[in-house]
Amino acid sequence: MTEQGKSCNWALEINDLTVAYNSKPALWDVDLRVPEGVLLAIVGPNGAGKSTLIKATLDLIPRAAGSIRIYGKPYRQARNLVGYVPQRGSVDWDFPTSVLDVTMMGLYGKIGWFKRPGKKERELAMSALEQVGIAHLAHRQISQLSGGQQQRTFLARALVQDAQVYFMDEPFAAVDAVTERAIVNILKELRERGKTVIVVHHDLQTVRDYFDWVALLNVEMVAVGTVYEAFTNDNLRKTYGGRIAGIGAASGAIDVTSTRDSAEYAEVGDAV
Amino acid sequence: MQQLFLDPLRFEFMQRAMLAAMLVGIISGVMGTYVVTRGMAFFGDALAHSVLPGVAAVFITGNTAPGALLLGGLVAGVLSALGIGILSQGRRLGEDTAIGIVFAGMLALGIALISSTRSYAVDLAHILIGNIQAVQGEDIVLMLIAGGAVLLFVVALYKELLVISFDPTLAKNLHLPAEGLRLALLVALAVTVVIGVQVAGVALVSALLVTPAATARFFAKRLHVMMIVAAFLGALSGVGGMYLSWHLSIAPSAAIVLLATGLFILAFLFSPRGGFIPSLLGRNSDIV
Ligand SMILES: Nc1ncnc2c1ncn2[C@@H]1O[C@H](COP(=O)(O)OP(=O)(O)OP(=O)(O)O)[C@@H](O)[C@H]1O
Ligand SMILES: [Mg+2]
Numbered sequence: 001m002t003e004q005g006k007s008c009n010w011a012l013e014i015n016d017l018t019v020a021y022n023s024k025p026a027l028w029d030v031d032l033r034v035p036e037g038v039l040l041a042i043v044g045p046n047g048a049g050k051s052t053l054i055k056a057t058l059d060l061i062p063r064a065a066g067s068i069r070i071y072g073k074p075y076r077q078a079r080n081l082v083g084y085v086p087q088r089g090s091v092d093w094d095f096p097t098s099v100l101d102v103t104m105m106g107l108y109g110k111i112g113w114f115k116r117p118g119k120k121e122r123e124l125a126m127s128a129l130e131q132v133g134i135a136h137l138a139h140r141q142i143s144q145l146s147g148g149q150q151q152r153t154f155l156a157r158a159l160v161q162d163a164q165v166y167f168m169d170e171p172f173a174a175v176d177a178v179t180e181r182a183i184v185n186i187l188k189e190l191r192e193r194g195k196t197v198i199v200v201h202h203d204l205q206t207v208r209d210y211f212d213w214v215a216l217l218n219v220e221m222v223a224v225g226t227v228y229e230a231f232t233n234d235n236l237r238k239t240y241g242g243r244i245a246g247i248g249a250a251s252g253a254i255d256v257t258s259t260r261d262s263a264e265y266a267e268v269g270d271a272v
Numbered sequence: 273m274q275q276l277f278l279d280p281l282r283f284e285f286m287q288r289a290m291l292a293a294m295l296v297g298i299i300s301g302v303m304g305t306y307v308v309t310r311g312m313a314f315f316g317d318a319l320a321h322s323v324l325p326g327v328a329a330v331f332i333t334g335n336t337a338p339g340a341l342l343l344g345g346l347v348a349g350v351l352s353a354l355g356i357g358i359l360s361q362g363r364r365l366g367e368d369t370a371i372g373i374v375f376a377g378m379l380a381l382g383i384a385l386i387s388s389t390r391s392y393a394v395d396l397a398h399i400l401i402g403n404i405q406a407v408q409g410e411d412i413v414l415m416l417i418a419g420g421a422v423l424l425f426v427v428a429l430y431k432e433l434l435v436i437s438f439d440p441t442l443a444k445n446l447h448l449p450a451e452g453l454r455l456a457l458l459v460a461l462a463v464t465v466v467i468g469v470q471v472a473g474v475a476l477v478s479a480l481l482v483t484p485a486a487t488a489r490f491f492a493k494r495l496h497v498m499m500i501v502a503a504f505l506g507a508l509s510g511v512g513g514m515y516l517s518w519h520l521s522i523a524p525s526a527a528i529v530l531l532a533t534g535l536f537i538l539a540f541l542f543s544p545r546g547g548f549i550p551s552l553l554g555r556n557s558d559i560v
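As you go down the protein sequences, you meet chains A and B in turn.
Numbering of the first sequence is given in the numbering used here, commencing with residue 1 and proceeding in unit increments.
Numbering of the second sequence is given in the numbering used here, commencing with residue 273 and proceeding in unit increments.
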């Protein structure tokens, strides 16, 4: 599960990816190789292109250049292997539909045209809702969910997709500590089942606790690798410029070798 | 009392009109659910206006074959829907801008065509406020066919349309042809609008789409329930409106829309969920 995987062992392989909006590049010549079975955090400042990276990988927006491979296959042939948890704000939560309905949408690709979800699909969806701890809300209209419950609903929908590689855009945004714990546990469970999970993440303090790989992005890819190798203050400074705050105070358990100069940041971090 | 209900039914043209109003109410209610949940009210209204050149072209050629108006409107409406859909694809233009351009252009073309005839004012009035009493048996057959096709489309592709309406991104992730489905939905809306124009006229047809569905939203927590409630309210407004129009001697399209609006106001004020008065009293039920 380390860096020396043969090329076909990469769960996700992005080569020379460039994406531009109105001819202004949002991603520039990005490479990313992720082995199977890791939790990878994508971090970077606002506007760094993190969401863009996920959307381009999933063919949701056009690429100017670059190739995407999932388990060695082009994305088009591997779509079944991919699950996506969009940013929570990307849908209308007032839409008249229930938690169970939304969860079952994850199965629509497998059900096939014209057919209805049946008993089997309902059971799959219910067990996913149990996993994320909101089975009791299955029949509630989604407009009556809290932010954390919305996030869990999206997660349940991704779980029923039973993908190999998951992409999640800020699943921890605006959820409370309990929900955050629950989500982390689900991510770890996914990893135990050999899934690969790629998460856009904003909280630098928890990167070490939650993830085993990290990609530091700011239009260009600054560094990718195990948290141990890549999550260094040097790389963070390159990614965030002078604006970095918070990492030094992450936790008492910080590995000394990779936080050689954490003292510089501790000050700012304590203030946060 | 019984007389109140049976009186208008003595006339065949009233029977046909009621049937037409009911059919249009049902189909508009169902399709209106998409209009309301997807925030397409402007689109519905614009479509109604863009059928004008099609209808006008039939008028000035003096074609009186049954269904000719319906077909003319259908061609113009479907072309407009596709035009708007294609112009707004992939963010080249905002959807509201695309709608504004197509709608105004088509409306102008329609007015230009009509203004070239002598009976300008009468024709325009019929097109604007509808002419339900002129509905023929053949028109009803056509409404049944076109409306039936729309309903079949909704039933067959219910889950696909649900995903593209709620989360188009997921639709793409699931291999669904999200753009194709969106265009198909726009075309189905165009068909709905065109059959509605005969009943409610260009000016009021979008109310048939929006109002019953908006009312239904107060009572339904799932999309298909909202469709059924909206269809029922649409039919009720259609038939009830025809009675109102008969007894009060007012224009049928206005009576239908006023009744639908009245029902909406009642729901807005009193519905147990999201109703204005229950919420003032702090009694909105939290449906689980
Ligand atoms: N649809 C769009 N049209 C034009 N520019 C866009 C569009 N979406 C994103 N951008 C631009 O591309 C850049 C990258 O955006 P992106 O959403 O990928 O950033 P991000 O890293 O996800 O940021 P955040 O942390 O705020 O979510 C930003 O400069 C943004 O303004
Ligand atoms: Mg983002």
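Glycine included, each C-beta is placed from N, C-alpha and C at the ideal position.
Please read all numbers here as calculations on a predicted model, not as lab measurements.
Beta bridge counterpart(s) of residue i as assigned by DSSP
i: A/Lys24; result: A/Tyr21
i: B/Asn445; result: Answer is none; B/Asn445 lacks a bridge partner.
i: A/Asn15; result: A/Ser67
i: A/Gln141; result: A/Ser98
i: A/Thr57; result: DSSP, once it has assigned bridges, lists no residue as partnering A/Thr57.
i: A/Leu217; result: A/Met221
i: A/Pro74; result: A/Arg69
i: A/Arg33; result: A/Glu13
Within-9 Å CB hit, residue i to chain A
i: B/Met378; result: no
i: B/Ser360; result: no
i: B/Arg489; result: yes
i: B/Ala370; result: no
i: B/Ala585; result: Within the shown structure, residues of chain B are numbered from 273 to 560, placing residue 585 of chain B beyond reach of any answer.
i: B/Ser300; result: no
i: B/Thr333; result: no
i: B/Ile559; result: Low confidence applies here, because B/Ile559 scores a pLDDT of 44, under 50, leaving its location unreliable; read the following figure in that light. True, the Cβ-Cβ gap to chain A drops below 9 Å.
i: B/Glu432; result: yes
i: B/Val435; result: yes
i: B/Val497; result: yes
i: B/Ala503; result: no
i: B/Gly438; result: The sequence given here places Phe at residue 438 of chain B; Gly does not occur at that position. Yes, B/Phe438 counts as interfacial toward chain A.
i: B/Arg494; result: yes
Of the listed residues the options, nearest to residue i (C-alpha basis)
i: B/Ala523; options: B/Pro550, B/Gly473, B/Leu448 and B/Ala456; result: B/Gly473
i: A/Ala26; options: A/Leu81, A/Thr52 and A/Leu32; result: A/Thr52
i: B/Ile399; options: B/Asp439, B/Gly468, B/Asn335 and B/Val422; result: B/Gly468
i: A/His201; options: A/Thr232, A/Phe172, A/Gly89 and A/Tyr21; result: A/Phe172
i: A/Trp28; options: A/Leu217, A/Thr206 and A/Val227; result: A/Leu217
i: B/Leu342; options: B/Leu446, B/Phe536, B/Val413 and B/Leu553; result: B/Val413
i: B/Ile528; options: B/Met514, B/Arg489 and B/Phe540; result: B/Met514
i: A/Gln164; options: A/Thr226, A/Ile186, A/Arg122 and A/Val197; result: A/Val197
i: A/Leu39; options: A/Thr206, A/Pro45 and A/Glu123; result: A/Thr206
i: B/Phe285; options: B/Glu410, B/Ile401, B/Tyr306 and B/Gly349; result: B/Glu410
i: A/Tyr166; options: A/Arg140, A/Met104, A/Glu130 and A/Arg193; result: A/Arg193
i: A/Thr18; options: A/Val219, A/Val199, A/Thr153 and A/Asp203; result: A/Val219
Chain B contact for residue i (CB, 9 Å cutoff)
i: A/Ser98; result: yes
i: A/Arg116; result: yes
i: A/Leu53; result: no
i: A/Pro86; result: yes
i: A/Val132; result: no
i: A/Arg157; result: yes
i: A/Gly246; result: Below a pLDDT of 50, predicted positions are generally treated as unreliable, and A/Gly246, at 48, falls in that range; no measurement from the model is reported.
i: A/Gly106; result: yes
i: A/Ser251; result: Confidence in A/Ser251 is poor, its pLDDT being 36 and thus under 50, which makes the residue's placement unreliable; the coordinate value appears in the next sentence. No, its Cβ sits nowhere closer than 9 Å to a Cβ of chain B.
i: A/Trp213; result: no
i: A/Gln141; result: yes
i: A/Val256; result: Because the pLDDT of A/Val256 is 34, which lies under 50, any placement of that residue in the model is unreliable, and the question is left without a value.
i: A/Gly148; result: no
i: A/Ile111; result: yes
i: A/Leu39; result: no
i: A/Phe172; result: no
i: A/Gly83; result: yes
Residue i CB to nearest heavy atom of ligand 4 below 8 Å
i: B/Gly468; result: In terms of ligand content, the structure shown lacks ligand 4 and carries ligand 1 and ligand 2 instead.
Any alpha helix (DSSP H) of 4 or more consecutive residues that is wholly inside the segment 282–312 of chain B:
284–309
Taking 5 Å as the limit, tell me which residues put their C-beta closer than that to any heavy atom of ligand 1, in chain order.
A/Tyr21, A/Ala26, A/Asn46, A/Gly47, A/Ala48, A/Gly49, A/Lys50, A/Ser51 and A/Thr52
Curious, which full-length beta strand (DSSP E) runs of at least 3 residues does the segment 153–201 of chain A contain?
The segment 153–201 of chain A contains these whole beta strand (DSSP E) runs: 165–169 and 196–200.
Contained beta strand (DSSP E) runs [length at least 3] in the segment 486–521 of chain B, N- to C-terminal order
Runs of the beta strand (DSSP E) inside the segment 486–521 of chain B: none found.
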